[in-house]
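Protein chains in written order, with our numbering: chain A, 1 to 253; chain B, 254 to 573; chain C, 574 to 828. The structure appears below as structure tokens.
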Amino acid sequence: MAEPFLRVEGLTKSYGARAALRRAGFVLEKGRMLGLVGASGSGKSTLARCLAGFERPDEGSMRLDGKVLGGQAPAPQVQLIFQEAAASLNPRFRAEEIVSEPLEIRRRGTPALRRKMAAEWLEMVGIARAASAKPALAFSGGERQRLAIARALAAEPQLLIVDESLSGLDVMLQAQIAALLADLRRRLDLTCILISHDLGLAARLADEIAVMDSGEIVEHAPVEQAMGSPRHPRTRELVEANRLLALAPEGAA
Amino acid sequence: MRYVLRRILHGSLLLTGVSVLTFAFTQLAPGDYYSEMRVDPTVAPETVDALRHRAGLDRPWPVRYAAWAGSVLKGDFGYSLAYGEPVAPLVRERLGATLLLAGTATLAAWLLAIPLGICYATRRGWQEALAGAATAVLLIIPDLLLALVALLAAVETRWFPAGGMASADGSSMGVAARMEDVARHLVLPAGVLAIGMLPMLLRHVRAAMRDAMDSGFARSARAQGIPPLRLLVRHLLPAAANPLVSLFGLSLGGLLSASLLVEVIMGWPGLGPLLVDAIMARDMAVVLAVALLAAAFLIVGNLAADLLLYRLDPRIRAGK
Amino acid sequence: MPEALVQVRDLRVTLSSAILDGLSFEIAPGSITGLCGESGCGKTTLALALLRLLPEPYRVEGSILLGGRELIGSSEREMRSIRGARIAMIFQDPILALNPVLRVRDQVREAIRAHGLTGRPEEALELAGLEPSRRIMRAYPHELSGGERQRVLIAQALACRPALVIADEPFTALDLPRVVELSALFRDLMRRTGTSFLVISHSPGVLAHLADSVLVMRSGRIVEQGPVDRVFGAPADGYTARLLAAARATERAHG
Numbered sequence: 001m002a003e004p005f006l007r008v009e010g011l012t013k014s015y016g017a018r019a020a021l022r023r024a025g026f027v028l029e030k031g032r033m034l035g036l037v038g039a040s041g042s043g044k045s046t047l048a049r050c051l052a053g054f055e056r057p058d059e060g061s062m063r064l065d066g067k068v069l070g071g072q073a074p075a076p077q078v079q080l081i082f083q084e085a086a087a088s089l090n091p092r093f094r095a096e097e098i099v100s101e102p103l104e105i106r107r108r109g110t111p112a113l114r115r116k117m118a119a120e121w122l123e124m125v126g127i128a129r130a131a132s133a134k135p136a137l138a139f140s141g142g143e144r145q146r147l148a149i150a151r152a153l154a155a156e157p158q159l160l161i162v163d164e165s166l167s168g169l170d171v172m173l174q175a176q177i178a179a180l181l182a183d184l185r186r187r188l189d190l191t192c193i194l195i196s197h198d199l200g201l202a203a204r205l206a207d208e209i210a211v212m213d214s215g216e217i218v219e220h221a222p223v224e225q226a227m228g229s230p231r232h233p234r235t236r237e238l239v240e241a242n243r244l245l246a247l248a249p250e251g252a253a
Numbered sequence: 254m255r256y257v258l259r260r261i262l263h264g265s266l267l268l269t270g271v272s273v274l275t276f277a278f279t280q281l282a283p284g285d286y287y288s289e290m291r292v293d294p295t296v297a298p299e300t301v302d303a304l305r306h307r308a309g310l311d312r313p314w315p316v317r318y319a320a321w322a323g324s325v326l327k328g329d330f331g332y333s334l335a336y337g338e339p340v341a342p343l344v345r346e347r348l349g350a351t352l353l354l355a356g357t358a359t360l361a362a363w364l365l366a367i368p369l370g371i372c373y374a375t376r377r378g379w380q381e382a383l384a385g386a387a388t389a390v391l392l393i394i395p396d397l398l399l400a401l402v403a404l405l406a407a408v409e410t411r412w413f414p415a416g417g418m419a420s421a422d423g424s425s426m427g428v429a430a431r432m433e434d435v436a437r438h439l440v441l442p443a444g445v446l447a448i449g450m451l452p453m454l455l456r457h458v459r460a461a462m463r464d465a466m467d468s469g470f471a472r473s474a475r476a477q478g479i480p481p482l483r484l485l486v487r488h489l490l491p492a493a494a495n496p497l498v499s500l501f502g503l504s505l506g507g508l509l510s511a512s513l514l515v516e517v518i519m520g521w522p523g524l525g526p527l528l529v530d531a532i533m534a535r536d537m538a539v540v541l542a543v544a545l546l547a548a549a550f551l552i553v554g555n556l557a558a559d560l561l562l563y564r565l566d567p568r569i570r571a572g573k
Numbered sequence: 574m575p576e577a578l579v580q581v582r583d584l585r586v587t588l589s590s591a592i593l594d595g596l597s598f599e600i601a602p603g604s605i606t607g608l609c610g611e612s613g614c615g616k617t618t619l620a621l622a623l624l625r626l627l628p629e630p631y632r633v634e635g636s637i638l639l640g641g642r643e644l645i646g647s648s649e650r651e652m653r654s655i656r657g658a659r660i661a662m663i664f665q666d667p668i669l670a671l672n673p674v675l676r677v678r679d680q681v682r683e684a685i686r687a688h689g690l691t692g693r694p695e696e697a698l699e700l701a702g703l704e705p706s707r708r709i710m711r712a713y714p715h716e717l718s719g720g721e722r723q724r725v726l727i728a729q730a731l732a733c734r735p736a737l738v739i740a741d742e743p744f745t746a747l748d749l750p751r752v753v754e755l756s757a758l759f760r761d762l763m764r765r766t767g768t769s770f771l772v773i774s775h776s777p778g779v780l781a782h783l784a785d786s787v788l789v790m791r792s793g794r795i796v797e798q799g800p801v802d803r804v805f806g807a808p809a810d811g812y813t814a815r816l817l818a819a820a821r822a823t824e825r826a827h828g
């Protein structure tokens, strides 16, 4: 059987006495989106940070497209978008500077070419060319989310991790950014991991669901199966809570 | 406890560093205690050399430093060439005077700063602007000017003595009268020093109070219907205390240095004039002793501030 | 029909421009009302206006009747007797809303003593679903878990058995099972003590599960209000419909 695009095995990490990851592992094929859900403190963000190279796991391995991940400083082939993505932007930097930074760091092309590419990325996330010279603080919260996404995409990552970036947003904004992510994923054939404490959102966007509990992945299944016939008690608890909190379908009284 | 021991160790290293540096700086200054004498035509060069040799000033400076450090560790701070007495008792006597002045001034400044700072923090509009302007003006006025104005006022009005710590006929008074005499002499210098310290303290108290007042928990408390006075005393002050406690420790640490200028100008017989005279005369033993003392105060003051903070702020107790 | 607990008529809040523009609604006793809308539409401002907690430059006009008594124009002293005792508020973000240098028992006790009452803080904590163990009573806020902190805030709000509790985005940071738990707690409290709740949340799904009636706000105005099933099942206003469509677009309940 061919080696999966992303393979994570036995990932373990502790912070002092607290075990954040306990032999966590999963595989993900190219072009698929994984929804990683679980309670706060279950290890989702730690896993993301290990994948992106911000943390070194104590044990375990991560391989992306056959190459080993981890060890060196933030790996460019894995891009991470944080919660409060808007706050991760330098407010004084202009939009085009923010987006062309990854290109600059990798010394892609000439300054003129980089500006052009940055403008294209901005357009792809729905920010007009005319706005590209404005500083980040001139944009609204939702637009800044888009800027953060454009910046991540400009690095042309093989794996995009979205860590609770939609969690703080209100419902309209969440829908817009979710639609943008779905669209980008389709167009660019991105491999993504969406981390969220909201199972419903993850289920809506992703192909597969992995449930984390106390540093382990306790269930990993295609969305239909995870939602329709959950096996692990944690999954069942999440599915049930999600069902209770979902809106009744339209027209129902 | 380990923390305290570690800090004491650091402190000792720091003191050693201060002593080396001070020693080195004094060596940089040309000449020594006997240089003036050398210029005097009535004194023979051989006499000067003999005196220098007797004081051990002709040895190379690392040797002199080692000798000094050695005797300090035994508790002997050396001999003042200018006063002709051992350094330690000399410094001790002056230390008392400085502590009296600086201590009184610091206490007064803090006692004023807290209520005034709270008032400043709770005002808005023109009152706030006025308070801000007054603080700024106080901040700008140099201590030197304040001291001179105070002296001038003393001479003109004769309400307070102009300088010194005690009247000339002090020894003939009874204890109570002597204390009252010292107290009257204390008013002006302490007042000048306190006014000098006040603006910074006011600013800090106001900032700490404002932080507390603007915080989420203050809003919660108001939403619970807690009346303003109770809110201030039971909710805001405890939370605002932290940065102020640190500052207080630092105040303690700076006690010795703060009063130097005022002492010299207003003739208060503390460490200030002693240090200045010793520097001018190149009376090394005294300079070193005072510098070390000031550094020690600073270190202890910082340590006290940190320990107090540790005791008072539960978040720090948990964190570290 | 029982007399409304809170009657708001034409509430206007202005700063340099209108922040709330003529709001009118009622809160029934023993009910849970949801307040829904995008960020910036004025939900928190409305909550603060009800408690008259908006500071000086804000101008508040209109009428807020609490059990028939007019709140606008009441003196600050009168409002203080109402805040916490008749209307209480649970602010967003428990770590910011609790005093970091006061222990839990002291914080809850303050809420009681401020009104000259003599309740026990333990009772309030129990009502909030938090076991008043020695550890909890003596704890400082940073020593508690997020969930425990939130329960302490709830206990503070309930301490004087108010008629109305306003909760500002209590669900935002919570995991879904905790949201369900907290909703159940609110409903339970309403049943046991007759307290009404005004729950602010930008998530229609949660309000559909929890509230009896809902107010939908947009840009300082109420665009629609009514029983939650009716408003969310068959919205009359286009904005409400868009809000619901957005919510539905980011959820999935089934396999």
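Here a beta-carbon is modelled for each residue, glycine too, at the ideal position from N, C-alpha and C.
Interface criterion not met: the Cβ of A/S14 is under 8 Å from no Cβ in chain C.
Cβ-Cβ separation between A/L199 and C/L749: approximately 6 Å, consistent with a contact (criterion under 8 Å). Under the DSSP definition of a beta bridge, A/L11 partners with A/A24. Think of a sphere of 8 Å around the beta carbon of A/A178: the chain C residues whose beta carbon falls inside it are A822 and T823, in chain order. Judged by DSSP in its simplified three-state form, A/C50 adopts helix. Closer than 9 Å at the C-beta level to chain A, one finds these residues of the segment 786-808 of chain C: D802, R803, F805, G806 and A807.
For B/H306, the enclosing alpha helix (DSSP H) covers residues P298 to R307. Against chain A, a Cβ distance below 7 Å from C/G778 picks out L245, A246 and L247. Within the same chain, Cβ atoms closer than 8 Å to the Cβ of A/E96 are found at R115, A118, A119, L122, S132 and A133, the five residues on either side in sequence being excluded. At least 8 Å separates the beta-carbon of B/V539 from that of B/A548. When the alpha-carbon of B/I261 is set against those of B/R564, B/V553, B/L561 and B/D566, the nearest one is in B/V553. In the DSSP assignment, the residues bridged to C/M790 are C/I795. When Cβ-Cβ separations below 8 Å define contact, C/H715 makes no contact with chain A.
Here DSSP, grouped into helix, strand and coil, assigns A/H197 to coil. In the displayed model, A/S100 falls within a helix according to three-state DSSP. With respect to the C-alpha of C/S612, the residue from A/Q79, A/S140, A/L51 and A/L64 having the closest C-alpha is A/S140. Rounded to the nearest whole angstrom, the CA to CA distance from A/D189 to A/I161 is 14 Å. When beta bridges are read from the DSSP output, B/L369 appears opposite no residue.
In this structure B/G323 is exposed. Its beta-carbon is surrounded by fewer than 16 other beta-carbon atoms within 10 angstroms. C-alpha of B/R472 to C-alpha of A/G60: approximately 47 Å in a straight line.
Within the segment 399-430 of chain B, there are no complete beta strand (DSSP E) runs of at least 3 residues. CA-to-CA, the gap between B/V325 and B/G331 works out to about 8 Å.
Under DSSP, C/E695 takes part in no beta bridge, so it has no partner.
Contacts between C/R656 and chain B, judged by CB atoms closer than 9 Å, involve R475, A476, Q477, G478 and I479 in chain order. The beta-carbon of C/H688 is placed less than 8 Å from the nearest beta-carbon of chain B. Taking C-beta separations shorter than 6 Å and ignoring five residues to either side along the sequence, the partners of B/A400 in its chain run V445, V515, I518 and M519, following chain order.
The criterion of a C-beta distance shorter than 8 Å is satisfied by C/G719 and C/A746. Judged by DSSP in its simplified three-state form, A/M33 adopts strand. Ranking B/P491, B/G469, B/A341 and B/D536 by CA distance to the CA of B/G309 puts B/D536 first. Residue contact check for B/D464 against chain C: no CB pair falls below 8 Å. In the three-state DSSP reduction, C/T606 falls in the strand class (E or B). When the five nearest sequence neighbours on each side are left out, the beta carbons in the same chain lying within less than 7 Å of the beta carbon of C/P714 are those of I668, L671, P673 and R722, in order along the chain.
At a cut-off of 8 Å between beta-carbon atoms, C/V674 makes no contact with chain A. Under the three-state reduction of DSSP output, B/Y563 falls in the helix class.
Bridge partners of A/D213 according to DSSP: A/E216.
With a beta-carbon spacing of about 26 Å, A/A155 and A/V37 fall beyond the 8 Å limit used to define contacts.
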